[in-house]
Ligand code: WT7
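In our numbering, the protein residues as written are 3 to 654.
This is the structure we're talking about:
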């Protein structure tokens, strides 16, 4: 078992043995029953083919469910032709549900907008026409750098409609990070906004786009700008266009052409173990199948009556799979909220749930832990009785947070589904089924029907119940990544070289006595801060790009609220050590290079870093220090005295 992350977590979790079977009522009426497991086990590919045909409208049926002949490059639903936007929009209107609300949008200042399926379809058709008029064709890349406003979903679906590949860049990323992503994908068009609102004040976005495009040599021809906060913006004549003048003015007639099942749908960048973010590539048919399937069965979705709220940002995969795509493909009414949970008061989320009578809430453990800190009396002021199911995603949920979520938010009655998956998996992989599984606080438990995972040891052998190891996926799944944009070798190397014929997820996990899976955090150099993936190497590169820094090592230290926090150890150059503001300067520098989420919580100035004889930094030892422990076994260090030196320097 990887010792670093998992040791303590494993110890604590071993004492967790509470179980919550579904209520009789829930079980009796649940959409997903135990039969799903049997069906999938009897004929896995047949199961997926059936799900796909039931959940989606194919313009042309597929001939082969899976082509794995060029493994690890998969093709699903081969020969099928489909349009993602048609599945998310037009078909619901054609089926007579055009008046159903697709999006209840709530702006941070309290302004609201509502789109029915008919209205959203029209908005997407206009955007599709407008993007095409700006020269975007099938296969072209479009960067979307938007806040949580309906135009984000509209832009994504408009791209999907015309077969353009969207690359959504989280609005919290910096100009430099945006430029890197624009360059890597060679984006032709950027969709952005003047800005948004953050904690009650206007917060700009367009200046970051301007800065990103300042240096020549990029591929961007146009920037479409949504007016959101009305703040003044700089304007590049010829390049920039207002959304109102291009999209709103476009024709509302647009026919969705069919695309191949394997046509790329989007690229989404995520952090890996090296400095350069990976452009994770997802395609159409398989992605839509698994996301729609999991959304329906895991959330027990009733599109005609549920109000579903996924409180993620569209810039992360959760926002792609469970805001923009699957809920709309399933014809649900969704809530979308622009702002922070404490604006204008700490009850904002619960106010939204009361107001829209939200039935399903999907949120991250870090948010739950923050609400716990704020106190149970805050949600107690609101009527949360509409909630029937709660979901968790993004990081392991500790049993205390799980219990609080169930008791305080779910009134002690709602099932909780702890869903494990990744940007790379596209959709949920491990989760209880709410009407079937007796849930255990802190465990994602079982692979979904149709998905095959295991926990294996260093040699790739399955571990026995009660043991820990590495989480792997044993067979291809419909919404799996199809590769890393422009880098097929890195795809094979990162995910398929650690074990033979198994996908290496990068997570440590253990099986309990029942064989249920408990996730224990990353085993590689990837950190998880508030459910956001950050690479230690990426932040180290940002730090050493500053003239004051000679060397840097970054670790993720456990943090009560954010799961992990970024702690950086730096060796300074020359006179930088005398600068009293150096820590703040470096934090801001990382913010500028990557984005505010990557700013180290602590920066510790040290004289040396612990290294092995081959020069590898032993982050494990630094993590001990960052978490306030005595540093562990240091016998493989090139210089055994270093840990002593570091500890002493930090005491000063
Ligand atoms: C990493 C993937 C899943 C979408 C949001 C994050 C961690 C995710 C869980 C969970 C324990 C989880 C893993 C994974 N993770 N969900 N339910 N329990 N850990 O996507 O940014 O690609 O991060 O998040 O470590 O590898 P991502």
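For every residue, glycine included, the Cβ atom is placed at its ideal position computed from N, Cα and C.
From what residue to what residue does the alpha helix (DSSP H) around residue i run?
{"i": "residue 268", "result": "No alpha helix (DSSP H) holds residue 268; the beta strand (DSSP E) holding it covers 266-272."}
{"i": "residue 119", "result": "119-135"}
{"i": "residue 244", "result": "Per DSSP, residue 244 belongs to no alpha helix (DSSP H); it is in the beta strand (DSSP E), 242-244."}
{"i": "residue 150", "result": "Here residue 150 belongs to no alpha helix (DSSP H), and DSSP marks it neither H nor E."}
{"i": "residue 403", "result": "401-406"}
{"i": "residue 545", "result": "538-546"}
If residue i and residue j are in contact, beta carbons under 8 Å, what's the gap, nearest whole angstrom?
{"i": "residue 434", "j": "residue 441", "result": "5 Å"}
{"i": "residue 88", "j": "residue 335", "result": "Rounded, the Cβ-Cβ distance is 19 Å, inconsistent with contact."}
{"i": "residue 187", "j": "residue 169", "result": "5 Å"}
{"i": "residue 282", "j": "residue 483", "result": "5 Å"}
{"i": "residue 485", "j": "residue 292", "result": "With a Cβ gap of about 17 Å, residue 485 and residue 292 do not count as contacting."}
{"i": "residue 551", "j": "residue 574", "result": "6 Å"}
{"i": "residue 173", "j": "residue 148", "result": "6 Å"}
{"i": "residue 388", "j": "residue 355", "result": "7 Å"}
{"i": "residue 459", "j": "residue 468", "result": "Between residue 468 and residue 459 the Cβ distance is about 13 Å, and since that is not below 8 Å, they are no contact."}
Cβ of residue i versus every heavy atom of the ligand WT7: is any distance shorter than 8 Å?
{"i": "residue 599", "result": "no"}
{"i": "residue 284", "result": "no"}
{"i": "residue 311", "result": "no"}
{"i": "residue 507", "result": "yes"}
{"i": "residue 179", "result": "no"}
{"i": "residue 426", "result": "yes"}
{"i": "residue 399", "result": "yes"}
{"i": "residue 1", "result": "No information on residue 1 is available, as it lies outside the stretch 3 to 654 that the chain covers here."}
{"i": "residue 408", "result": "no"}
{"i": "residue 421", "result": "yes"}
{"i": "residue 332", "result": "no"}
{"i": "residue 521", "result": "yes"}
{"i": "residue 638", "result": "no"}
{"i": "residue 446", "result": "yes"}
{"i": "residue 265", "result": "no"}
{"i": "residue 320", "result": "yes"}
{"i": "residue 395", "result": "yes"}
{"i": "residue 534", "result": "yes"}
{"i": "residue 713", "result": "Coverage of the chain is limited to positions 3 through 654, which leaves residue 713 absent and any answer about it impossible."}
{"i": "residue 31", "result": "no"}
{"i": "residue 182", "result": "no"}
{"i": "residue 524", "result": "yes"}
{"i": "residue 530", "result": "yes"}
{"i": "residue 272", "result": "yes"}
Residue i: buried (16+ other C-beta within 10 angstroms of its C-beta) or exposed?
{"i": "residue 43", "result": "exposed"}
{"i": "residue 516", "result": "exposed"}
{"i": "residue 31", "result": "exposed"}
{"i": "residue 7", "result": "Because the pLDDT at residue 7 is just 42, under 50, the model does not fix this residue reliably, and the value given afterwards should be weighed accordingly. Residue 7 is buried by the Cβ-count criterion."}
{"i": "residue 652", "result": "exposed"}
{"i": "residue 144", "result": "buried"}
{"i": "residue 511", "result": "buried"}
{"i": "residue 461", "result": "exposed"}
{"i": "residue 114", "result": "exposed"}
{"i": "residue 5", "result": "Because the pLDDT at residue 5 is just 42, under 50, the model does not fix this residue reliably, and the value given afterwards should be weighed accordingly. Flag for residue 5 reads exposed."}
{"i": "residue 347", "result": "exposed"}
{"i": "residue 219", "result": "exposed"}
{"i": "residue 3", "result": "Model confidence at residue 3 stands at a pLDDT of 39, short of 50, so the residue's coordinates are unreliable and nothing is read from them."}
{"i": "residue 20", "result": "exposed"}
Going by Cα to Cα distance, which pick from the options is closest to residue i?
{"i": "residue 35", "options": "557, 301, 555", "result": "301"}
{"i": "residue 225", "options": "615, 520, 237", "result": "237"}
{"i": "residue 316", "options": "309, 304, 337", "result": "337"}
{"i": "residue 299", "options": "57, 386, 51, 634", "result": "57"}
{"i": "residue 314", "options": "620, 532, 191", "result": "532"}
{"i": "residue 528", "options": "543, 587, 509", "result": "509"}
{"i": "residue 400", "options": "376, 560, 273", "result": "560"}
{"i": "residue 542", "options": "473, 549, 553", "result": "553"}
{"i": "residue 619", "options": "638, 606, 591", "result": "638"}
{"i": "residue 274", "options": "73, 650, 506, 261", "result": "506"}
{"i": "residue 130", "options": "259, 570, 392", "result": "259"}
{"i": "residue 600", "options": "49, 590, 80", "result": "590"}
With residue i as the anchor, note down where its beta strand (DSSP E) starts and where it stops.
{"i": "residue 364", "result": "362-365"}
{"i": "residue 571", "result": "565-574"}
{"i": "residue 311", "result": "309-312"}
{"i": "residue 66", "result": "66-72"}
{"i": "residue 428", "result": "That residue, residue 428, is in no beta strand (DSSP E); it is neither H nor E in DSSP."}
{"i": "residue 512", "result": "505-513"}
Any heavy atom of the ligand ZN closer than 8 Å to the CB of residue i?
{"i": "residue 121", "result": "This structure lacks the ligand ZN; the ligands present are the ligand WT7."}
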